[in-house]
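There are 2 protein chains.
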Amino acid sequence: MRVTRQRSAILEFLRSKRHHYSATQIYDAVREKIPNISLGTVYRNLASLLEDGEIISVETSDKCVYYDGFISGHSHFVCQCCKEIYDFPLESTTSEPEKAGFTVSNQRVVYYGVCKMCNQSK
Amino acid sequence: MRVTRQRSAILEFLRSKRHHYSATQIYDAVREKIPNISLGTVYRNLASLLEDGEIISVETSDKCVYYDGFISGHSHFVCQCCKEIYDFPLESTTSEPEKAGFTVSNQRVVYYGVCKMCNQSK
DNA sequence: ATGATAATAGTAATCATTACTATTAAGCCA
DNA sequence: TGGCTTAATAGTAATGATTACTATTATCAT
Chain A
365 MRVTRQRSAI
375 LEFLRSKRHH
385 YSATQIYDAV
395 REKIPNISLG
405 TVYRNLASLL
415 EDGEIISVET
425 SDKCVYYDGF
435 ISGHSHFVCQ
445 CCKEIYDFPL
455 ESTTSEPEKA
465 GFTVSNQRVV
475 YYGVCKMCNQ
485 SK
Chain B
365 MRVTRQRSAI
375 LEFLRSKRHH
385 YSATQIYDAV
395 REKIPNISLG
405 TVYRNLASLL
415 EDGEIISVET
425 SDKCVYYDGF
435 ISGHSHFVCQ
445 CCKEIYDFPL
455 ESTTSEPEKA
465 GFTVSNQRVV
475 YYGVCKMCNQ
485 SK
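What follows is the structure, encoded as structure tokens:
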């Protein structure tokens, strides 16, 4: 595995932002530093960074995958009333798959409901 | 919202199997009953069944979405090695959002990792 | 049964992702 | 430092899931 300017720029970008980005968004951002970087290069590096556990990915109901340079786990709460998205820490109990002998490398937890603010205003 | 043969057949198929199917797999299965059903019809109905909460979906690192007619609370485990999707019970602790005074009406939990079988074969 | 119109079939378009290939540039070694 | 090996890249084409479009069909309230 070689450290290329392209790979470094992609990882650096993801680590500099606390947000999720699609491959195309990453492509557009990195192009400001490396104007002729190829979209295929972005995809290839994202795949290998994922495999190395340097970044994580989030699949949504959108048809594209989002990538995140912040590895520390957190869950999301989506308020069905005000549509706000909140972050919460992940609970730290041993998960059911782990109890069954599976190796869990990543998990995604999304809660749907009504947030405190919306609850109070009713 | 009208109850059509197509919509019923899709829902019936998903409820008859305790497994997860992609839109194309559902299309192939339902075509045995309704040979000239359109793939677009499958997608449209899956989207509305999802919105109504009659089915649930699982996003994987594959580029297609999987649908599930078994909606009682359970979590999913996606094996990154063999791509199989396993069901697990949901843990019953009080969730972090509930501790914070939020009302949780639904939650989706997906674990990613390597299943027991793949772990053993290495 | 009839009429309004939501849903469908069939097809074309979109768009994220992957595959392919000639060219470039990391990284090792003298 | 310069040359060599070859992994990685740029650019482009192909793939495949999903969505859009439109004339036609079939549901269902009256």
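As you go down the protein sequences, you meet chains A and B in turn. Counting from 365, one number per residue, gives the positions in the first sequence under our numbering. Counting from 365, one number per residue, gives the positions in the second sequence under our numbering. Backbone N, C-alpha and C fix where the C-beta goes; we use that ideal spot for every residue, glycine too.
Residue i - partner residues in DSSP beta bridges
i	result
V406/A	Answer is none; V406/A lacks a bridge partner.
H438/B	P453/B
G417/A	According to DSSP, G417/A bridges with nothing at all.
V468/B	G477/A
S386/A	Y430/A
V422/B	Y430/B
C482/B	Answer is none; C482/B lacks a bridge partner.
Alpha carbon of residue i to alpha carbon of residue j, nearest angstrom
i	j	result
E418/B	A387/B	16 Å
N470/B	P399/B	36 Å
F466/B	R369/B	40 Å
S372/A	S412/B	42 Å
K463/A	Q444/B	18 Å
G477/A	F441/A	8 Å
R382/B	R366/A	45 Å
D426/B	C428/A	11 Å
Amino acids of chain B, ordered along the chain, whose beta-carbon sits closer than 8 Å to that of residue i
i	result
L405/A	For the sequence presented, residue 405/A should be read as Thr rather than Leu. Residues of chain B passing the Cβ test: none, with the nearest at roughly 19 Å.
N470/A	Y475, Y476, G477
E455/A	E455, T457, S459, E460
S380/A	Result: empty, since nearest Cβ-Cβ is about 25 Å, beyond 8 Å.
F377/A	Chain B residues near F377/A: none, gap ~21 Å exceeds 8 Å.
Status (buried if at least 16 other CB within 10 Å, exposed otherwise) for residue i
i	result
I435/B	exposed
C446/B	exposed
H384/B	buried
D432/B	buried
Listed by chain order, chain A residues near residue i by CB distance under 7 Å
i	result
A464/B	K480
F434/B	By Cβ distance, chain A contributes nothing, its closest Cβ being about 16 Å from F434/B, past 7 Å.
F441/B	P461, F466
Neighbouring residues, chain A, relative to residue i (Cβ below 9 Å)
i	result
T467/B	G477, V478, C479, K480, C482, N483
Where residue i meets chain B, residues with beta-carbon distance less than 7 Å
i	result
S459/A	Y475
Would you check if there are 3 or more beta carbon pairs closer than 8 Å linking the stretch 422-431 of chain B to the stretch 395-407 of chain B?
no
Would the stretch 450-466 of chain B and the stretch 407-415 of chain B be scored as touching if the rule is three or more Cβ pairs under 8 Å? no
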